[in-house]
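Visitor: Sharing a structure, written as structure tokens. Questions coming.
2 protein chains.
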Amino acid sequence: MPSYNAPLRDMSFVLNEVLNVGQLTKFDRFEEADADILDAILEEGAKFSRDVLTPLNVVGDHEGCVRHDDGSVTTPTGFKDAYKQMVVNGYMGMSQPVEYGGMGMPGIWHLAAGEMQSAANMAFAMYPGLTNGAIKAIKIGGSEEQKKTYLPKMIAGEWTGTMNLTESHCGTDLGLLKTKAVPQGDGSHKITGQKIFISAGEHDMADNIIHLVLARVEGAPAGVKGISLFIVPKFTLDDDGNPGERNGVSCGSIEEKMGIHGNSTCVMNYDDATGYMIGEENKGLKVMFVMMNRARLDVGMQGMAQSEVAYQNAVTYARDRLQGRALTGPVNEDGPADPIIVHPDVRRMLMDTKSFNEGARALIYWAALLEDLEKVHGDEKFVEKCDDYLGLLTPVIKGYMTDRAMQTTIDCQQVYGGHGFIEEWGMSQFVRDTRIAPIYEGANGIQALDLVGRKLARKGGRALMSLNAEIDAYIKEHENNDNISDFVEALKSAKTKLTEGTMWLMQNGMSNPNNAGAGSVDYMHMMGLAVFSYMWTMMAVTAQKAIDDGTNDEFYANKIITGRYFIKRVLPMIDTHLARMKTGAEPVMALAADAF
Amino acid sequence: MPSYNAPLRDMSFVLNEVLNVGQLTKFDRFEEADADILDAILEEGAKFSRDVLTPLNVVGDHEGCVRHDDGSVTTPTGFKDAYKQMVVNGYMGMSQPVEYGGMGMPGIWHLAAGEMQSAANMAFAMYPGLTNGAIKAIKIGGSEEQKKTYLPKMIAGEWTGTMNLTESHCGTDLGLLKTKAVPQGDGSHKITGQKIFISAGEHDMADNIIHLVLARVEGAPAGVKGISLFIVPKFTLDDDGNPGERNGVSCGSIEEKMGIHGNSTCVMNYDDATGYMIGEENKGLKVMFVMMNRARLDVGMQGMAQSEVAYQNAVTYARDRLQGRALTGPVNEDGPADPIIVHPDVRRMLMDTKSFNEGARALIYWAALLEDLEKVHGDEKFVEKCDDYLGLLTPVIKGYMTDRAMQTTIDCQQVYGGHGFIEEWGMSQFVRDTRIAPIYEGANGIQALDLVGRKLARKGGRALMSLNAEIDAYIKEHENNDNISDFVEALKSAKTKLTEGTMWLMQNGMSNPNNAGAGSVDYMHMMGLAVFSYMWTMMAVTAQKAIDDGTNDEFYANKIITGRYFIKRVLPMIDTHLARMKTGAEPVMALAADAF
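Structure below.
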């Protein structure tokens, strides 16, 4: 059975040494966000992930969720207890506002704790994950009364939340959605329609489920301009704010999926269900998109987390499995064969994955730090920068990281040879669970379009210009750092190539938008490679400094070795992406639609 | 539910127009291999695949195989009948020798028919596939009596076959195998041991199962030099050659796997089972490897076949699914949205897959033709060339093609968005079934080592030199063909880069074999890209000729468009592979084994 041990040393390196998360204590809001508390939280989370969530991962995969004739859904054995324990541990409220019962700690803490859950048991981690999304939407768009009514219970973990966007005929194109909302004159609406792919739509772990539902108020404009967002509780609340009557919402069926079996993916039927509008009428998508941006960071994190757990198990197997001899001569002469970790191609797959995981962790933690700083940093210019970066990085974190995570989990499965294909060994589950990440919260092709079509051009391209300037300054600052000059050179080269790609898009995307569309995924990967180069250079600078300061902890030298693998072996992909995108739309679009 | 329609026009294009398979009728052995018969076989096979095997594919995935307490195994509903029908259709004996009851037709016919089965139902197609492997081994190494005893029944489809190599502690490294064989003095041996991952090891479709088992005769040398190959029938034969007593072999359990659920993957227990040696004592691996080379071509074919069926369904979905508007303006103004095939990134995934499928089909058919020609062509030089090419191309066809097929099936699943993750739509199964192809019959890393460590260097590198000379001559012949000069240029460039990679290997692989090991998969992919360029140039030349001859069938222009996608968008990967491999072993091997 697979195991998972949270990579606390790696996590701490990024949090404390690279990003200096302690800087947050300078701000009033986070003045109690002490490093000792963070350490305690991470250690507790590591135990919970290892001892509780990891064993339940295979259980969830095997049992799945069961819908009963009355529409109720039972989660896999042990999930309910684990959920309770997680709530008791205080995970739900960690970074939520104190006024609604949260601990008020930084979001980056929550993300790091969430990483461990998503690595140990992605299907389980989605239940609190969806609740967090719903909390976020209510915080953004809800009235003060709505916040007071729902947030404390959700933050306490007593109630969970869901996001209801997709209908059978519309996923990406939400303008087509049909679910209707009829005003009742008392401020409430009656919601009717069917939503599909609703994660955690129905289950047995909480007293109430707060569905956030996109619907169209009768008479609203067609398309995306006529969509409103509603709170539809599974049980409407009584006068004391406790779950009362059953609302007109039910789970019609649950989907049989490739992975994340432990999460109940529901068809939700709304039949004159009572709903309460969040924010303004016809402005529902705006709230939803702010929330979804955050959810997209979490999906990128899921990719990294699954890649991490797949990696850990592949390493264990590669050390244990004796097969063949090292090409340079036996290293285990007394044994029948050498461990397969001696073989360069096994190393290649492990190093690919390791260098991805660590670069990905740095990038996503950095994004989480920017989110925290955005909230508390007074300086307008700085806050603007945080917002710019997050806008730019979100599609890259979601799209590039989950595409890569598919490859790395498959590679880690490959390390197991035939055993990788057998469910008992658990590697198949990592691949199957990861497979949803490039699809949901906006398929990766949509992320690429968001990057190329919106984020890049926003405010005259300010975000990328600002990031480029930061990278230029960083290069200048470290270009005389001889021991890691190869990192600085690689970063410089990656930035130059990304810029070339950006220029190409600017010159060719206007004349024919299909040029931008056809190159969008390649461009997204280019940006992923470029920002990973930045992350790896930051990590190398940090590690080299520790070495220069006389550390004898090999962790630092190994960090540099891993980064060097990235710049030598992974980064060259950027040339292929650039070459591909520069061929433009023609090769992609030349075939008539009926000639496929 | 997914559908499959054999791409008969594409198949015929490669068979008849590009490869001129009709050339085989010049040789006595194939003088009756008439184009009309081939057409009839393919049309019959297309119907059988579409109407019988395709609907059973999801059934097989859902039901899987069931082992009963007595060790018997039931295949999924409908498999047994389909198997009977396949036998009646004459599929098993199509290319088998007439003297043992076969039709004696070319192997390339059989491969083309097999492609359709593997596309429609990979798990099903493995049952006859394994039998073919066993037939091959008996043909190669068996005595005349063994051939007479087993081949007619196997060729008639009354008995099936298996390959028993893997044990729990050894897959790649067969030198470690422990199954023992004790001579009985009467020419037979008693076989005892346990084999795992035995595809089609036990089932209900045939009267007998002929297991081919690698085992070590008592007192044999350690390692690969002490391995012999045995025939172990499930039922030993009575005096009339019919199944008699139950032999000491049984299925201990069947594996729960990621995919190919319809195929029974068995743990086989041998307990003093009666076995009959094939060929010489301690020379069992040699026979097995000749057989396995053929099996590896079939695995490459499976990858292509699954990619084809995934593609067909993705195209259907992309035409039907309405979502969003074309970037260049609506194409379906009266509808609520445009079909997603208008979106460049959807096109990218479809074109990637289409250009892979068609290049892969050309390559594998070419290899099959070389196999046929090798058997019948009298010219010693030519036969030598066929053998050289097949040696070189086999790891590329298996390794490169199945790596690529993983990506293309995942891309086709991606086209479905959320529906791709739901089992009901069938795209998950294509990915899950395909996943075994890069693993079995020698994991792809082993293919790469076989290419770099053995095939390349064999006979002073004669195979690649010969292939290069052929490509050079082809370039020379067509370099003035203006309409397709980009293909010729691309081929020239690919060949040059492959040569650079080969030189690098020669210069650096000797001094440190890890340099070769670390670059082996990249090199395998480079060769894949280079030979695909050759295939695409051949196809472009053929198509252009038809155009020059005045055809108004758009098939030919579309073929060139598809090939152009390959050279512009796929081929650039060769640069990244070259850059990666030239970084050598250092980045891959620098980290200490205990630092992972």
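Residue numbers (the working numbering), protein chains in the order written: chain V, 3 to 598; chain H, 3 to 598. Note that the Cβ used here is the ideal one computed from N, Cα and C, for glycine as well.
Considering Cα atoms alone, identify which of Phe-50(H), Ser-309(H), Ile-193(H) and Met-540(H) is closest to Leu-216(H).
Guide: The candidate whose alpha carbon is nearest that of Leu-216(H) is Ile-193(H).
Visitor: Below 8 Å on the Cβ atoms is my contact criterion, and I expect Gly-305(H) with Met-403(H) to pass it. Report the Cβ-Cβ distance as a whole number of Å.
Guide: Contact flag correct, Cβ pair sits at about 5 Å.
Visitor: List the residues of chain V whose Cβ lies closer than 8 Å to the Cβ of Ser-522(H), in chain order.
Guide: Within chain V, the residues near Ser-522(H) are Pro-346 and Asp-347.
Visitor: Rounded to whole angstroms, what is the Cα-Cα separation between Val-184(V) and Arg-11(V)?
Guide: Answer to the nearest angstrom: the Cα atoms are 54 Å apart.
Visitor: Would you check if there are 3 or more beta carbon pairs closer than 8 Å linking the segment 359-377 of chain H to the segment 320-329 of chain H?
Guide: The segment 359-377 of chain H vs the segment 320-329 of chain H: no contact.
Visitor: Just checking: is the beta-carbon of Phe-432(V) within a distance shorter than 8 Å of some beta-carbon in chain H?
Guide: Output row for Phe-432(V): interface = no.
Visitor: Who are the neighbours of Val-89(V) on chain H, taking C-beta pairs under 7 Å?
Guide: Residues of chain H passing the Cβ test: none, with the nearest at roughly 29 Å.
Visitor: Are there three or more Cβ pairs, one per stretch, closer than 8 Å when the segment 369-387 of chain V is compared with the segment 576-591 of chain V?
Guide: Touching, no.
Visitor: Does the beta-carbon of Met-508(V) have 16 or more other beta-carbons within 10 angstroms, so that it is buried, or is it exposed?
Guide: Exposed, because fewer than 16 other Cβ atoms sit within 10 Å of the Cβ of Met-508(V).
Visitor: Does Val-90(H) pass the burial test, meaning 16 or more other C-beta atoms within 10 Å, or should it be called exposed?
Guide: It is exposed - the Cβ of Val-90(H) has fewer than 16 other Cβ atoms within 10 Å.
Visitor: Of all the CB atoms in chain H, is at least one closer than 8 Å to the CB of Lys-356(V)?
Guide: At least one chain H Cβ lies under 8 Å of Lys-356(V).
Visitor: Cα separation between Gly-277(H) and Ser-190(H)?
Guide: Whole-angstrom Cα-Cα distance: 6 Å.
Visitor: Looking at C-alpha atoms only, which residue of Pro-338(H), Pro-108(H) and Met-156(H) is the closest neighbour of Met-207(H)?
Guide: Answer by Cα proximity: Met-156(H).
Visitor: Applying the criterion that 16 or more other CB atoms from any shown protein chain within 10 Å of the CB defines a buried residue, is Asn-123(V) buried or exposed?
Guide: Flag for Asn-123(V) reads buried.
Visitor: So who's on the other strand from Ala-158(H), going by DSSP bridges?
Guide: None; Ala-158(H) has no bridge partner.
Visitor: Give the DSSP bridge partners of Thr-164(H), in chain order.
Guide: Bridge partners of Thr-164(H): His-213(H).
Visitor: Which term fits Ile-39(V), buried or exposed, when burial requires 16 or more other beta carbons within 10 angstroms of its beta carbon?
Guide: Label assigned to Ile-39(V): exposed.
Visitor: Indicate whether at least one CB of chain V lies closer than 8 Å to the CB of Glu-556(H).
Guide: Closer than 8 Å: yes.
Visitor: Considering only their Cβ atoms, is the gap separating Lys-182(V) from Glu-220(V) smaller than 8 Å?
Guide: Contact: yes.
Visitor: Which word fits Val-348(H), buried or exposed, when buried means at least 16 other C-beta atoms lie within 10 angstroms of its C-beta?
Guide: Result: buried.
Visitor: Lys-570(H) CB to nearest chain V CB: under 8 Å?
Guide: It does; some Cβ of chain V falls within 8 Å.
Visitor: Go ahead and pull the three-state DSSP assignment for His-345(V).
Guide: Of the three classes helix, strand and coil, the one that applies to His-345(V) here is coil, per DSSP.
Visitor: Using a Cβ-Cβ cut-off of 8 Å, state whether Arg-456(H) counts as contacting chain V.
Guide: Answer no: the Cβ-Cβ gap between Arg-456(H) and chain V never drops below 8 Å.
Visitor: Any beta-carbon of chain H closer than 8 Å to the one on Gln-325(V)?
Guide: Closer than 8 Å: yes.
Visitor: Hey, out of Met-270(H), Asp-241(H) and Asn-265(H), whose CA is closest to Ser-255(H)'s CA?
Guide: Looking at the Cα atoms, Met-270(H) is the closest of the given residues.
Visitor: Is the beta carbon of Gln-546(H) closer than 8 Å to that of Asn-483(H)?
Guide: For Asn-483(H) and Gln-546(H), yes; Cβs fall inside 8 Å.
Visitor: Look at Ala-520(H) and Arg-456(V) and say whether their C-beta atoms are less than 8 Å apart.
Guide: Cβ atoms of Ala-520(H) and Arg-456(V): not closer than 8 Å.
Visitor: Beta-carbon of Lys-197(V) versus every beta-carbon of chain H: anything under 8 Å?
Guide: Closer than 8 Å: no.
Visitor: So what does DSSP say about Lys-82(H), is it helix, strand or coil?
Guide: Lys-82(H): helix per DSSP, three-state reduction.
Visitor: By the criterion of Cβ-Cβ separation under 7 Å, what are the contact partners of Asn-560(V) in chain H?
Guide: Under the 7 Å cutoff, chain H gives Leu-593 and Ala-597.
Visitor: Taking the CB atoms as reference points, tell me whether Phe-81(V) and Gly-228(V) lie closer together than 8 Å.
Guide: Not in contact: Phe-81(V) and Gly-228(V) (Cβ atoms no closer than 8 Å).
Visitor: List, in order along the chain, the chain H residues whose C-beta lies closer than 8 Å to that of Glu-258(V)?
Guide: Near Glu-258(V) (Cβ distances below 8 Å), the residues of chain H are Ile-424, Glu-425 and Glu-426.
Visitor: Can you list, in chain order, the residues of its chain whose CB lies under 6 Å from that of Ser-201(H), leaving out five sequence neighbours each side?
Guide: Taken in chain order, the residues that qualify are Met-128, Leu-132, Asn-265 and Thr-267.
Visitor: What did DSSP end up calling Tyr-278(H) once you bin it into helix, strand or coil?
Guide: Three-state DSSP puts Tyr-278(H) in a strand.
Visitor: In the DSSP output, what is His-579(H) paired with across the bridge?
Guide: Answer by DSSP bridge pairing: none, since His-579(H) is not bridged.
Visitor: Report buried or exposed for Thr-411(H), applying the criterion of at least 16 other Cβ atoms within 10 angstroms of its Cβ.
Guide: So Thr-411(H) ends up on the buried side.
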